[in-house]
Amino acid sequence: MGTIKTWNKWANRHSYYPLDLLRVALGVFLFIKGINFMGNAHMLLELVKPLQSIGGEMMMIHYVAPAHFVGGLLIAFGLLTRWAIIAQLPILIGAVLINFLGEMNATNLILALVVLLICVFFLFFGSGKHSVDYYLKMQQ
41 MGTIKTWNKW ANRHSYYPLD LLRVALGVFL FIKGINFMGN AHMLLELVKP LQSIGGEMMM
101 IHYVAPAHFV GGLLIAFGLL TRWAIIAQLP ILIGAVLINF LGEMNATNLI LALVVLLICV
161 FFLFFGSGKH SVDYYLKMQQ
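For reference, each letter of the sequence shown is one residue, going 41 to 180 in my numbering.
Given below as structure tokens:
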């Protein structure tokens, strides 16, 4: 617990607008992906096709779209950012794996890796000074 407090103090001292804009852009990107998956479930079903042997395709489909939709909103506003990113990690790791198990698409692989790395960064960094989390913490 002490380590997390130390990281939070460091993050609050080094919070800059470009990092907040990156967090908001990540949230908006995930939100748009969630809307895209909700509107085009057939595309998501095609993406999950290499994982059919594992089972639970419908469970994955019903998890991916809402997690991106709600998680994107939470990340963009900076509310429960770490929890929202923890919910995104299995999806992003699955996106990277789908490129290796199924048909390799370099663009999708790079996009999934970049989003995964940004999410891991914000998992440790937190939501920053310009977020709802920070505002609510200062109201106590």
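Beta carbons are placed, not taken as given, at the ideal position from N, Cα and C, and that holds for glycine.
Counting only residues of its own chain and dropping the five nearest sequence neighbours on each side, L59 has a CB closer than 8 Å to the CB of F165, G168. G111 sits in a helix when the DSSP states are folded into three classes. Taking G111 as reference, the option from L157, W47, V68, L156 with the minimal CA-CA separation is V68. Comparing C-alpha distances from V160 to each of I115, V104, H170 shows the shortest one belongs to I115. Here L119 carries a coil assignment [DSSP, helix/strand/coil].
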